[in-house]
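S.K.:
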Amino acid sequence: MDTQDDTTRDNLESDVSSAFDSYKNRDGISYSSDVTDNGFTVSLDVNFSKLSDEDKSSISFINSEKSFDEIKLEFESDGFSCK
Numbered sequence: 034m035d036t037q038d039d040t041t042r043d044n045l046e047s048d049v050s051s052a053f054d055s056y057k058n059r060d061g062i063s064y065s066s067d068v069t070d071n072g073f074t075v076s077l078d079v080n081f082s083k084l085s086d087e088d089k090s091s092i093s094f095i096n097s098e099k100s101f102d103e104i105k106l107e108f109e110s111d112g113f114s115c116k
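So the sequence shown is numbered by this note's numbering: it starts at 34 and just counts up by one.
In C-alpha cells, the structure reads:
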C-alpha cells in the first residue's frame, strides 16, 4: 500500500473507533473492526438480554419496546446480517 492508502486506512480505523467508543464497557455489546488491503469489516454484537434497561433506551438504533425479532428484521432490512 502507498502512503495515501495507509493514511486512509488509519483514518477509517480511527473514525470507526470513535463511533463505537460509546459502546465500550456496556454489558451485552461488543464490537471489532478489521481493515485489510482489500476491505473493511465491522462487527457489532448485541446481546439484547444482557443490556440494562437504561442501555436499551440510550442506544438510538434499539427501540426497547420492540421484540428481538422486530429489531433483527430492521437490521436485516438495512443490509446487516444477523446470526
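For each residue, glycine too, the CB sits at the ideal point set by N, CA and C. All values reported here derive from a predicted model rather than from experimental measurement.
1) Out of LYS57, VAL68 and ALA52, state which residue places its alpha-carbon closest to the alpha-carbon of ASP43.
2) With H, G and I counted as helix, E and B as strand and the rest as coil, what does DSSP make of ASP54?
3) According to the neighbour-count rule (16 or more other Cβ atoms, all chains shown, within 10 Å of its Cβ), is VAL79 buried or exposed?
4) Near GLN37, what residues of its chain come up, given a Cβ to Cβ distance below 6 Å and the 5 sequence neighbours on each side ignored?
5) How close, in whole Å, do the beta carbons of CYS115 and LYS99 come, if the pair is a contact with beta carbons under 8 Å?
6) Report the rounded CA-to-CA distance for ASP111 versus SER76, giving the unit in angstroms.
7) Under DSSP, the beta strand (DSSP E) around PHE73 begins and ends at which residues?
M.R.: The short version:
1) Residue VAL68 is the option with its Cα nearest to ASP43.
2) helix
3) buried
4) none
5) Contact flag wrong, Cβ pair sits at about 14 Å.
6) 15 Å
7) 73 to 79 is the span of the beta strand (DSSP E), which, as asked, contains PHE73.
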